[in-house]
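A.B. asks:
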Amino acid sequence: MNIGFKHHIVGNLEYLTIPCFDETGVVTHCFTSRTGGTSSGECQALNLGFNRNDTRENVLNNFRIITQQINVDYRNLVFSNQVHEDNIASITMQDGGKGITVESDIRGVDGLITSERGVPLVTFYADCVPLFFLDPIKGVIALSHSGWRGTVKKIGEKTIYKMINEYGCCVDNILTAIGPSIGKCHFEVDEPVVGQFFKSFGKNAEEFIEEKKNKKYHIDLWRANVLQFQQAGIKDEHITVAQECTYCNEKLYFSHRRDKGKTGSLAAIMQLV
Ligand SMILES: [Zn+2]
Numbered sequence: 038m039n040i041g042f043k044h045h046i047v048g049n050l051e052y053l054t055i056p057c058f059d060e061t062g063v064v065t066h067c068f069t070s071r072t073g074g075t076s077s078g079e080c081q082a083l084n085l086g087f088n089r090n091d092t093r094e095n096v097l098n099n100f101r102i103i104t105q106q107i108n109v110d111y112r113n114l115v116f117s118n119q120v121h122e123d124n125i126a127s128i129t130m131q132d133g134g135k136g137i138t139v140e141s142d143i144r145g146v147d148g149l150i151t152s153e154r155g156v157p158l159v160t161f162y163a164d165c166v167p168l169f170f171l172d173p174i175k176g177v178i179a180l181s182h183s184g185w186r187g188t189v190k191k192i193g194e195k196t197i198y199k200m201i202n203e204y205g206c207c208v209d210n211i212l213t214a215i216g217p218s219i220g221k222c223h224f225e226v227d228e229p230v231v232g233q234f235f236k237s238f239g240k241n242a243e244e245f246i247e248e249k250k251n252k253k254y255h256i257d258l259w260r261a262n263v264l265q266f267q268q269a270g271i272k273d274e275h276i277t278v279a280q281e282c283t284y285c286n287e288k289l290y291f292s293h294r295r296d297k298g299k300t301g302s303l304a305a306i307m308q309l310v
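The sequence shown: position 218 = 255 (our numbering), numbered continuously.
1) Out of Glu274, Val189, His223 and Phe42, state which residue places its alpha-carbon closest to the alpha-carbon of Leu212.
2) To the nearest whole angstrom, what separates the beta carbons of Ala179 and Gly220, a pair I think is in contact under 8 Å?
3) Does ligand 1 have even one heavy atom less than 8 Å from the beta-carbon of Tyr290?
4) Assess, as a yes-or-no matter, whether the stretch 68-81 is touched by the stretch 41-58 under the definition of 3 or more beta carbon pairs within less than 8 Å.
5) So, does the stretch 173-187 touch the stretch 201-218, judging by three or more C-beta pairs under 8 Å?
6) Just curious, the beta strand (DSSP E) that Cys67 is in, first and last residue?
7) In angstroms, rounded to a whole number, what distance separates the CA positions of Asn95 and Val263?
8) Cutting at 8 Å between CB atoms, please list the residues of its own chain near Thr43, excluding the five before and the five after it.
9) Pairs of beta-carbons, one from the stretch 120-128 and one from the stretch 188-200, closer than 8 Å: are there three or more?
10) Asn39 CB to nearest chain B CB: under 9 Å?
11) Using 8 Å for Cβ pairs, my map puts Ile143 next to Asp132. What's the rounded Cβ distance?
12) Considering only residues of the same chain and omitting the five flanking positions on each side of Gln267, which have a CB-CB separation below 8 Å?
13) Do you know how far the Cα of Gly145 is from the Cα of Gln233?
14) In three-state DSSP terms, what is Thr188?
15) Using 10 angstroms around the beta-carbon of Arg93, count the other beta-carbons present and answer buried if the total reaches 16, otherwise exposed.
16) Locate the beta strand (DSSP E) running through Lys43, then write down its first and last residues.
17) So the candidates are Tyr284, Ser302 and Ala82; which of them puts its Cα closest to the Cα of Asn225?
18) Report the three-state DSSP secondary structure of Gln308 (helix, strand or coil).
19) Please look up how many angstroms separate the CB atoms of Gly73 and Ile107, rounded, as I've assumed it's under 8 Å.
20) Which residues end up in the neighbourhood of ligand 1 when you take C-beta atoms closer than 6 Å to any of its heavy atoms?
21) Can you find the residues in the same chain that come closer than 6 Å, C-beta to C-beta, to Thr129, ignoring five residues on each side of it along the sequence?
22) Considering only the beta carbon of each residue, do Arg294 and Asp91 sit closer than 9 Å?
23) Consult DSSP for Cys80 and reduce its assignment to one of helix, strand or coil.
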């Protein structure tokens, strides 16, 4: 397993990439931080959510800033429309701009997958777990939004199976990564949530759940997603974990829990070149 994403700093803009994804030369991608944008207040500064307490102009501007850095045309971005479920949509060139320049019919979708070059996929975060997938041999990419509900529904594992079954990927070639999100240090839940994890993962859930005082539990969502990758057959050397908690790092990340919902949106962006 590889630990850590690479941080790029350009002026006051900071963003992250996955080293082994960069090395393939077949994708451009990033996970954004909150720095380098034009939004203010709770959305300061690089908010990428149109549904936040921010102006449309700011958000568009922020998209222009980040996409310019990674060589993506913001007018072609394709947005997910996340509902904490496990639906994964197959995206083609015809979907270009859905969510940003044209109205979208992509609804109830937490995962995006494509084998077409020049189609930039976007998923959104503020604590939930960003999952990145790349088969550099077959030329297939996917992004999945895996909060605790998505993790219970195993959207990560389902994304891998879709790459294999519908796109002809070989599991030995698939690279995976887990971006900055809420860490075990701050993800505290009650018994009913823990019950759902045991229902989904069985005894394996013991590996990533720790009991605290007063019937509170801390869950390691990174470990729970790594476990899914391993069970789907992904090689250990093809798994990268950023190991950065969004709640812990207020300077770099928005966090829904820390900011009690009054916060901006981070994004994962990826495109085959
Ligand atoms: Zn933390």
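Note that beta-carbon positions come from the ideal geometry of N, C-alpha and C, so glycine has one too.
C.D. replies: Reading it off the structure:
1) Walking along the sequence shown from the start, residue 212 turns up at place 175. Nearest of Glu274, Val189, His223 and Phe42 to Leu212, Cα basis: Glu274.
2) In the sequence shown, residue 179 corresponds to position 142, counting from 1. In the sequence shown, residue 220 corresponds to position 183, counting from 1. Not quite, the Cβ-Cβ distance comes to about 23 Å (not below 8 Å), so this is no contact.
3) One-based indexing of the sequence shown puts residue 290 at position 253. Checking the Cβ of Tyr290 against ligand 1 gives no.
4) Remark: three or more beta-carbon pairs, one from each stretch, lie closer than 8 Å, so the stretch 41-58 and the stretch 68-81 are flagged as touching.
5) Flag = yes, the stretch 173-187 and the stretch 201-218 touch.
6) Within the sequence shown, residue 67 is the residue found at index 30, counting from 1. Per DSSP, Cys67 belongs to the beta strand (DSSP E) from Val64 to Thr69.
7) What you label residue 95 is simply residue 58 of the sequence shown in a count that begins at 1. What you label residue 263 is simply residue 226 of the sequence shown in a count that begins at 1. Cα-Cα distance, rounded: 35 Å.
8) Walking along the sequence shown from the start, residue 43 turns up at place 6. A small fix is needed here, since residue 43 is Lys in this sequence, not Thr. So the list reads Leu53, Thr54, Ile55, Pro56 and Asp59, once near-sequence residues are dropped.
9) When Cβ pairs closer than 8 Å are counted between the two stretches, the stretch 120-128 is seen to touch the stretch 188-200, the count reaching three or more.
10) Included in the structure is just one protein chain, with no chain B present.
11) Within the sequence shown, the letter at position 106 stands for residue 143. Within the sequence shown, the letter at position 95 stands for residue 132. Rounded, the Cβ-Cβ distance is 7 Å, consistent with contact.
12) What you label residue 267 is simply residue 230 of the sequence shown in a count that begins at 1. Counting only Cβ-Cβ distances below 8 Å, and skipping sequence neighbours, we find Asp273 and Ile276.
13) Counting from one through the sequence shown, the residue named residue 233 turns up at place 196. Counting from one through the sequence shown, the residue named residue 145 turns up at place 108. In this structure, the straight-line span from the alpha carbon of Gln233 to that of Gly145 is close to 21 Å.
14) By 1-based counting over the sequence shown, the position of residue 188 is 151. If DSSP states are grouped into helix, strand and coil, Thr188 belongs with the helices.
15) Taking the sequence shown and counting its residues from 1, the one referred to as residue 93 is at position 56. Exposed: under 16 other Cβ atoms inside 10 Å.
16) Looking up residue 43 in the sequence shown gives position 6. In this chain, the beta strand (DSSP E) harbouring Lys43 covers Lys43 to Val47.
17) In the sequence shown, counting from the first residue as 1, residue 225 sits at position 188. Per the sequence shown, residue 225 should be read as Glu rather than Asn. Glu225 has its Cα closest to that of Tyr284, out of Tyr284, Ser302 and Ala82.
18) Taking the sequence shown and counting its residues from 1, one reaches residue 308 at position 271. Here Gln308 sits in strand by DSSP.
19) Here residue 73 corresponds to residue number 36 of the sequence shown, with the count starting at 1. Here residue 107 corresponds to residue number 70 of the sequence shown, with the count starting at 1. Contact doesn't hold; Cβ gap of about 13 Å is too wide.
20) That query returns the following residues: Gly220, Cys222, His223, Cys282, Tyr284 and Cys285.
21) Residue numbering aside, residue 129 sits at position 92 when the sequence shown is read from its first letter. Short of 6 Å from the beta carbon of Thr129, and not among the five residues preceding or following it, lie these beta carbons of its own chain, in chain order: Glu153.
22) Stepping through the sequence shown from its first residue, residue 294 is reached at position 257. Stepping through the sequence shown from its first residue, residue 91 is reached at position 54. Cβ atoms of Arg294 and Asp91: not closer than 9 Å.
23) Taking the sequence shown and counting its residues from 1, one reaches residue 80 at position 43. Three-state result, Cys80: helix.
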